[in-house]
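Right, one structure below, let's go through it.
Chains as they are written, first to last, in our numbering: chain A, 1 to 251; chain B, 1 to 281.
As C-alpha cells, then:
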C-alpha cells in the first residue's frame, strides 16, 4: 500500500506548549485514516499541521517533517498557498461563505484565476454532484448558502473543497455538529470519496472511526499511542491503553 | 415573607426611578422635536430650497439653497476623506494588527476620540489648515468633519469584522486564499451591512454639526462651492439666523433646523433598520 504522506518525528509547539511529541505515522493513499483520542490529545493539532493552518498564528513552531512526494511540506520554502490547494479542509461547524451556493463552490476555482463561466459551471456542478448535494441545491444555486440546512451546508463545504481537486481532505470532527441523518450522509460520502482523494479524519465518535476508516491512530497527550489498520485497533490492539479507550473505559 | 415584601418594594422603587428617568429623557426629546416641527413647518416655504440668502429687509425673498448645497458638499468631502481611512484603519486593527499591543491602544484612543467635543476638533483644524492658509476654507471644514467620523468608523469596522467567526477565515485560508483576498472577499462581505450602518450613523453625526465649521469653512452668503474659500453652511446659517433680530431670518432658521433634523433622523432610521434586518438573518 502506497504512502501518500509520512509524518516523521513530528513535534509541534504552541509557544512554550509542547503539543505534539515525536509523532511518526504513514498516511496511505486513497484510504481513510482516523485520528482518535480524548480531548486535548493533539489530534486536531496534528491535522492542522498537514495544511499548515498553524502558520496563521504567531509563535507556533514545527519540528520534524511531513514528507509528501519527496518534499517536506513543513519546510520554509514550501508555498503554503499551493499546499493548501492540494489539502482541503472541512471544519467541525459548516463554514459557508456569505454568498450564493454557486459562488461558494466557485470560490477556490476563482482563486486559481478560472474566470470562464462555462468552465466554472461545469466544475461547480461536478463538485456538487460528487458531494451528493446537487439534487438539493440545483434550483437554488443563486441563493445565499447560509440559508441551507446544516447538513446541506457541510456537504456544500465539501463540494467547495472538492472543486479545486485536492489530493487530501482533512476532516476536523466534521459530523459532530450535525444530526444523525446528516452525519450518516457525510460518512457515506467520505467512503465514496476515497476513490479520488486521501482522507484524514479527526473524530470523537469511536463507532464512526470503526465504520468508515481503514486505518486508525490513537493519540494521548500529544503522543501517538498506537497506529494500525482499523480492524486491529478495535479488535486486537497491542497497547492496553488502546483497548481501554476503544472499549470506552477511559477518555 | 418579610424578605419577599422588601424585595418587591425595592423592585418597585427601582422600576419607578428608571421609568421616570426614561420619561424625562423622552419628554425633552419630544419637546425639542415638537418645537422644531411646529415652528419649522410654519416657516417652511419652497424658496428655502430655491433662493440664496437675501438681506432681511426684502419681504418674501431669501432662502438657503447655497447653504444646503455647501453643507452637502462639506459632508461629502468629509466622507470621501474619512470613510476609506476609517474602514482601512478598522480593517488593520481587526486583521493584520490584531496581535499587536499598539492596536489595542489605538482602539482605546479611538473610543476616547469619539467623545472629544467637536469644537476642539474645529480649533485643531483651524490651527493646521486655516491659519497657515490665510483664511476660512472648505477643506479645513471637511477635514474637521472627517476627523470626527474617523474614530467612529474605525471602531465600528473593527467591531463588525471581529464578529466574523475565525472559522470562516480559516475555511478561506484552507482553500489557499491569501490574506488580502480573505479580507476583501469574505470578511468584508460578511460584515458589510454592519460597516455600512456605522458609516451611515457617522455621517448622520456630522451632517448636523456646527461647531467644527465655525472655525474652519465658516459660512458664505453667496452661492459659491469653491472649497478653497469659505463655503456656505446650513448649520452655521441656522446659528447666525436664529440669533439675528430679523423675524424673516429666524423663520428661515426654524425651517432649516426642521429640514436638518428630518434628514439626520432619516439617516439614523435607515441605519437602525439595517441593524434590525441583520439581527433577523
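Note that beta-carbon positions come from the ideal geometry of N, C-alpha and C, so glycine has one too. Since the structure is predicted, the reported quantities are computational estimates derived from the model, not experimental observations.
Inset, instruction - Tell me the start and end of each unbroken alpha helix (DSSP H) in the region 199-223 of chain A that is at least 4 residues and wholly inside, in chain order. - result: 206-212
Legend entry - Buried or exposed (CB count within 10 angstroms, at least 16 for buried), residue 302(A): The displayed coordinates of chain A run from 1 to 251. Any statement about residue 302(A) would go beyond what the structure contains.
Inset, instruction - Classify residue 10(A) as helix, strand or coil using the three-state DSSP reduction. - result: strand
Inset, instruction - Count the other CB atoms, across all protein chains shown, that sit within 10 Å of the CB of residue 216(A); report buried if there are 16 or more and exposed otherwise. - result: buried
Legend entry - Proximity test, Cβ basis, 8 Å: residue 178(B) and chain A: yes
Inset, instruction - Using a Cβ-Cβ cut-off of less than 8 Å, give me the residues of the region 183-207 of chain A that come near chain B, in sequence order. - result: none
Inset, instruction - Please state whether DSSP places residue 225(A) in a helix, a strand or coil. - result: strand
Inset, instruction - State the DSSP-derived secondary structure class of residue 191(B), mapped to helix, strand or coil. - result: helix
Inset, instruction - Check whether the region 187-199 of chain B touches the region 149-160 of chain B, taking contact to mean three or more Cβ pairs, one atom from each stretch, closer than 8 Å. - result: yes
Inset, instruction - Apply the 10 Å Cβ neighbour rule to residue 7(A) and answer buried if 16 or more other Cβ atoms are within range, or exposed otherwise. - result: buried
Inset, instruction - Throw me the rounded Cβ distance for the residue 85(A) and residue 176(B) pair, which I believe falls under 8 Å. - result: 4 Å
Inset, instruction - Report buried or exposed for residue 12(B), applying the criterion of at least 16 other Cβ atoms within 10 angstroms of its Cβ. - result: exposed
Inset, instruction - Run through the region 13-80 of chain B for me and flag every whole alpha helix (DSSP H) of 4 or more residues, listed as ranges in chain order. - result: 47-50
Legend entry - Spatial distance of residue 127(A) from residue 102(A) (CA atoms): 11 Å
Inset, instruction - Report the rounded CA-to-CA distance for residue 208(A) versus residue 23(A), giving the unit in angstroms. - result: 23 Å
Legend entry - Straight-line Cα distance separating residue 95(B) from residue 41(A): 30 Å
Legend entry - Length of the line joining the Cα atoms of residue 222(A) and residue 19(A): 5 Å
Legend entry - 8 Å Cβ cutoff, residue 175(B) in contact with chain A: yes
Inset, instruction - Could you tell me whether the region 165-172 of chain A touches the region 140-154 of chain A, using the rule of 3 or more Cβ pairs below 8 Å? - result: no
Inset, instruction - Indicate whether the contact test is met: 3 or more Cβ pairs, each with one atom in the region 62-82 of chain B and one in the region 128-144 of chain B, closer than 8 Å. - result: yes
Inset, instruction - Assuming residue 161(A) contacts residue 88(A) (C-beta within less than 8 Å), just tell me the rounded distance between them. - result: 3 Å
Inset, instruction - May I ask whether a heavy atom of the ligand ZN can be found less than 7 Å away from the beta carbon of residue 237(B)? - result: Summarising the ligand content, the structure contains no ligands, and the ligand ZN is consequently not present.
Legend entry - Whether residue 274(A) touches residue 37(A) by CB criterion (8 Å): Outside the modelled stretch of chain A, which goes from 1 to 251, sits residue 274(A), for which no answer is possible.
Legend entry - contact_flag[the region 47-56 of chain B, the region 266-279 of chain B] where n(CB pairs < 8 Å) is 3 or more: no
Inset, instruction - Since I believe residue 157(A) is in contact with residue 232(A) (beta carbons under 8 Å), could you give me their beta-carbon distance rounded to a whole number of angstroms? - result: So it is not a contact: roughly 32 Å between Cβ atoms.
Inset, instruction - Identify, in the order they occur along the chain, each residue of the same chain with its Cβ nearer than 6 Å to the Cβ of residue 4(A), setting aside the five sequence neighbours on each side. - result: 27, 29, 198
Inset, instruction - Give the single residue among 206(A), 171(A), 104(A) whose Cα lies nearest to the Cα of residue 252(A). - result: Nothing can be reported for residue 252(A), as the shown portion of chain A is limited to 1 through 251.
Legend entry - Contact list for residue 84(A) against chain B, beta-carbon separation under 9 Å: 173, 174, 175, 176, 177
Inset, instruction - In angstroms with no decimal places, state the Cα-to-Cα distance between residue 118(B) and residue 124(B). - result: 10 Å
Inset, instruction - For chain D, find out if any of its Cβ atoms is closer than 8 Å to the Cβ of residue 93(A); answer yes or no. - result: Absence of chain D from the displayed structure is noted, the protein chains being A and B.
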